[in-house]
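Residue numbers (my numbering), protein chains in the order written: chain A, 1 to 792; chain B, 793 to 1584.
Idealized CB from N, CA, C, for every residue including glycine.
Structure record follows, encoded as structure tokens.
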């Protein structure tokens, strides 16, 4: 007998009564978690000693979350839908924990919270207790794919989770505070990208309780007419569920969810019959209930329910204020804690629990919430087959991202059936010279098509929206539910998601400490149109700060790669797509650049992370000298080109100098091994950089980052780093190097300052100075770089 | 005779014809800038040699911008409105430059672009030429308050500019690409905060040309009905101006602007009669014209006009492709360049210019765009009057932000008439213990009021919206137009505006290099609810990365302060409010903390930036020892408390040790003087830290930042930095220190590892270890910290 049949046999009125009883129970458990350290079922009069010494947590959103949860349970029972709940107001954790406890999933991941009286007492007592349950949703909470600590991302996460999961419905509770944020406001447009034929559905539930931390919300004071207009404009079908009388809201919520579910299935069936026509008008529910619903109306003369005072603790100090203890007690007792457990056995009341779905239908067990367990590794083509032939170092020119696109095109093709790989990008795939991708797939687009459009399709797997926030949110949701992806972005604008990176890195770091969470595919950034080749767009487009942002993350999750050419980019991307649970940052140019390594040499170089390129210096590769006179180091494609050119000048003019060139592709390998797992062993580090030679280091980003990474290395003061010094304008590529003091000529002059002078040194310095002067005159007259330094 | 009378005498048909002619001229100049290095007026057949060798710039948005500019000129002529134009699509610079040239304002700031034939040739030739005019709007462009390089901020900037400028209308062109971004989507709600009685108006013009870089825009494919719903929902009155036939669009645009202006004045008059009732329905124009309007319809068989191919260069390679040169020539000639200048005198055609307003009514001369010239310094109360009495170091406890609020309250009061100070905050003023502000002002709010609301008023000067992006955008707009402000924010979530900080820092850095730009009030961040006191909200709320972000900015604009107590916070804020053209980052706790310095000592300490606190060590203040055995350094309020406590333990157990305590309030003073203007001279630095003593440094943020700042200082390896190591959870304040290895006991143990052992050393180490163990047991049992370490 299916659950649907079981429950269908029960009259609706009975089920509504049961739902209400369940709702009271979750409200009780949620409130009790905030306050009680003892007397968990109020079996004796409440005393000050029963109150936790430090009250932490939020009440205001809980009754609404509990209402949603109870009715989603009902919907699942009746429809057997696979339903994932994404909770924007993650600070409403006690509500979600109460539901997870009652459905049994909390106890399944942590037996101290098993579904019995002892578990119930643990739940209440351990909430916000040091070492216990955190005050927000966390990776250790079953059924979750986000914390909701930093607000704004739930809706994009929900859409990301629904992609390519045709049987999944993602219910997404958006708080009316969170709805004010930019990332959330942008994410409503995700409906233009979700194909009902091949993906699942998102059911947004905008929870308007009217208040945020200390004042009204914008959405709480917009008229219903305005709300209706707004979401109609976004392309949704709007339905309000409003009220403060619980039974009336129960009835309305039941009907609204039936309607929403029917609409979702209607849209899907229509599309799956091949009748898709534009962006479907998916349902949205607007749930309007009082902030802190059912808490005390006033406390000591202060209005509480339905005001912002209900956001955290409606009763602020029950242990300290004698007037407040009875108020708290009366409030808690209004939820009838005596009905929770059998007075005889102590078991949880079965009838109350009858509204919870079973097995994996329980929201806390939706398999998509632990995406790693669903992860299917990508079938990757052999990246060596996509390599550039490099007859001699620098002998050929290629655009790295253009070469990579052919490889990624075939990643799409090989995994077409698995439907588990996507690229997100803020409208830059073509600009980034990756149009080859469109030989295998298109850009997702459900809107109307015009005859002149290119590469658009409802089933496209490249997701382009001019919102880095939405791109990141989609990809996070997609990865968290067990799929793979790449975020391609202009380097300058990826800092838009700095804070999302912070939060995702935190989620990853903690997830790895949760035993039941399975590893996820890594979050791969491919940054191109980078600082050194944004000479044309000017100063606003020159921002290499994301390197700093990723490098600052916990070493257990952060990886940074600066492939110097196309073959190295292929090797790095292959590695990143196979890796798990990392944030991989790759920076590579879309502009044609000299190529240095053949594909096998690239594979070897990337595996080492850092190598000496003896051919670029003047040592024998078999017998590197322990004491080179000078090391030229580089990280990044443009800095590598300049370094090789500087080395050539030095070799030509000062042939007896022992010169070594070291290239860094795995940036964090510079760190000490106890600071980062990729950190080179000390001996290897010294073997590359020697113990005392001066090092002129040309770096893609801000020089101070290299200083920071090298802090624990021996004699770091001998590293002289050149990089981006926040000097920029609309100019030529080579002039960008000159104004930031990193051109080949300036690298040579920096080297001359740090080595023992040789007979030719003054002449070389003069030569470099002359070249700089000539070049300045040349670009002023011709508008372009001198041919000898041009890369494309 | 006023301009209004002058123009009113001319028949509308004549003026429309003149407007069209002007529009053709701006289109010509815009297109010519992209292509021509010679033959600027096409006085001879176009040749490949006339084409610039490197084509940089964007055409797609230009005709629409030119249409808007021409008609705003007309509106200003007819109404004498003070009109500031904020251009979201800043990459449409050639269009704006063409208009600025023709109205004469470009030549007024740079005579090489004077309003004559030579100036015209310079304009065309110097665009996107190295050393010439950049490809985007920049601080050197007159009339601008933003670059538009990173998209998303124009609307918030426009609202910020309109605040407290009752006579100003800010027209804001929002591109339909930019409209997809989150920050832009959030900013539409700014209408709920703009008081028509006391502030100016914003006229948004959503320019829907249908395409972004390489595909359609969302707004370009939404139906008119959806667009109407969406903006009605946001609370605006919508009017469409649509078409591809220029004369029809001219007529519609004229009428639409008359309508919008009349609506603005109606709303303002109503409100200024005291009849304000809720959020007014301000007008918005939706301008729908083809992408790249009037450029070639096809080139070599490829559709161009009204496709994304018109975004940058409609004719991609006229010098290289013989087929393209005639297409370019015909296109350029369609704008009748022969009408631009008199063939006899070479002067610009006067009739064409007759549509430009005069003097400061020209958009490029709006005084608000060079806010520094309008800046009125704040009248500041004497901050010493707000100090905390500190009978002895640590002898009293206070919440720093709470004390500061009284000072800021009086800043509001003293500048009430000037109306030039605001605080922006994402709904946290109360949480940050700054409710005292509301004794002087309220929170801005035009929406409906409920009886239980607190501190809301249409004229409130505290701007709270749950969108850090909007807060930052408003404040930037407010500062750029010559006013003052503070951004109060939880430390964890300020990274949401990392990228806005990047862009604003770039604007500031370049502005300071533009001679006619006058200094602005600094952008002041007050970060509170900081990492060490977000123990209750848990790991997501613990992010000190903004320190890194600001420290990485150009040293000419970046300042970072970590006041250790309330009196220091007062001194720092006083300084920041007086400063100009900086980004000042202040981090201070809202939680009660021990107070260390009296107000005069605080003033002195903050002036020095870094001082030794001899009372906390065991030296005589008059004769500090040149060779202390140990230095305990600290930056940040919580680290300072721990350091003082660690020092006390060391003094007690190891009394003969020469111990010094150094407190850092001005973080960037740690940098070398050639790296930052605040960098302490080497001798001062050595006087504080000595040349060789081990330094245990307790830092508010990530330890690596200190390593980075100290890189160029002598013997940096002796600095052992403790700080936030990305360890966090919901726990107690002291446990936060313990899990990040920065508690007083761990600081003592770190010190013991680095100094010559003394007889009592093992006992002290054991004592510290014992204390840690005791504490762990205590918090597990009691849920709170042991009384002896508790701060509140």
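Legend entry - Beta-carbon proximity check, residue 1346/B vs residue 491/A, cutoff 7 angstroms: no
Legend entry - Three-way DSSP call (helix, strand, coil) for residue 1411/B in this model: coil
Inset, instruction - Please decide whether residue 1050/B counts as near chain A, where near means a Cβ-Cβ distance under 7 angstroms. - result: no
Inset, instruction - State yes or no: is the beta carbon of residue 781/B nearer than 7 angstroms to at least one beta carbon in chain A? - result: No answer is possible for residue 781/B: the residues shown for chain B start at 793 and end at 1584.
Legend entry - C-alpha distance - residue 925/B paired with residue 1107/B, whole-angstrom precision: 21 angstroms
Inset, instruction - Just the chain B side, please: which residues come within less than 7 angstroms of residue 539/A by C-beta, in chain order? - result: 1298 and 1302
Inset, instruction - Would you identify the three-state DSSP class for residue 801/B, choosing helix, strand or coil? - result: coil
Legend entry - residue 558/A beta carbon less than 7 angstroms from that of residue 586/A: no
Legend entry - residue 945/B (DSSP reduced to helix, strand or coil): coil
Legend entry - Residue interval of the alpha helix (DSSP H) (run including residue 1525/B): 1525-1531
Inset, instruction - Output yes or no for whether 7 angstroms exceeds the beta carbon distance between residue 638/A and residue 662/A. - result: no
Legend entry - For residue 378/A and residue 793/A, believed in contact at Cβ under 8 angstroms, the rounded distance: No answer is possible for residue 793/A: it lies beyond the span of chain A, which begins at 1 and ends at 792.
Inset, instruction - Give me the Cα-Cα distance between residue 1295/B and residue 939/B, rounded to the nearest whole angstrom. - result: 9 angstroms
Inset, instruction - Starting from residue 995/B, follow its DSSP beta bridges and name the residues at the other end. - result: 963/B
Inset, instruction - Starting from the beta carbon of residue 631/A, find every residue of chain B whose beta carbon is closer than 9 angstroms, and list them in chain order. - result: Those within 9 angstroms of residue 631/A in chain B number zero; the least Cβ separation is about 18 angstroms.
Legend entry - Length of the line joining the Cα atoms of residue 929/B and residue 605/A: 42 angstroms
Legend entry - Within chain B, the residues that residue 448/A reaches when beta carbons sit closer than 8 angstroms: 1013
Legend entry - residue 321/A to residue 957/B span [Cα, whole Å]: 48 angstroms
Inset, instruction - Check residue 774/A in the structure and name its three-state DSSP category. - result: helix
Legend entry - For residue 1056/B and residue 992/B, the rounded distance between their alpha carbons: 9 angstroms
Inset, instruction - Let me know the secondary structure DSSP gives residue 1547/B once reduced to three states. - result: coil
Inset, instruction - Check distances from the C-beta atoms of the segment 924-955 of chain B to those of chain A and list, in chain order, the residues that come in under 9 angstroms. - result: 924, 925, 926, 927, 928, 930, 939, 940, 941, 942, 943 and 944
Legend entry - Selected residue, minimal CA-CA separation from residue 332/A, among 770/A, 45/A, 739/A and 716/A: 45/A
Legend entry - Simplified DSSP assignment, three categories, for residue 1043/B: helix
Legend entry - Check whether residue 1508/B and residue 1502/B have beta carbons under 7 angstroms apart: yes
Inset, instruction - Using three-state DSSP, classify residue 794/B as helix, strand or coil. - result: Confidence at residue 794/B is low in this model, with a pLDDT of 39, below 50, so its placement is unreliable and no value can be given for it.
Inset, instruction - May I ask which residues mark the beginning and end of the alpha helix (DSSP H) holding residue 1270/B? - result: 1260-1272
Inset, instruction - Report yes or no: do the segment 383-395 of chain A and the segment 589-601 of chain A share at least 3 C-beta pairs separated by less than 8 angstroms? - result: yes
Legend entry - chain C contacts made by the segment 1207-1235 of chain B, where a contact means CB separation under 8 angstroms: No chain C is part of this structure, whose protein chains are labelled A and B.
Legend entry - Enclosing alpha helix (DSSP H) for residue 215/A [first to last residue]: From DSSP, residue 215/A is part of no alpha helix (DSSP H); its letter is neither H nor E.
Legend entry - Test: residue 1095/B CB closer than 7 angstroms to a CB of chain A: yes
Inset, instruction - Assign residue 1403/B to one of three DSSP states: helix, strand, or coil. - result: strand
Legend entry - Three-state class that DSSP yields for residue 425/A in the structure shown: strand
Inset, instruction - Could you give the DSSP three-state label for residue 839/B: helix, strand or coil? - result: coil
Inset, instruction - Out of 809/B, 927/B, 1032/B and 1357/B, point me to the one whose CA is closest to residue 1192/B's CA. - result: 1357/B
Inset, instruction - Determine the extent of the alpha helix (DSSP H) in which residue 1359/B is found, giving its start and end residues. - result: 1358-1370
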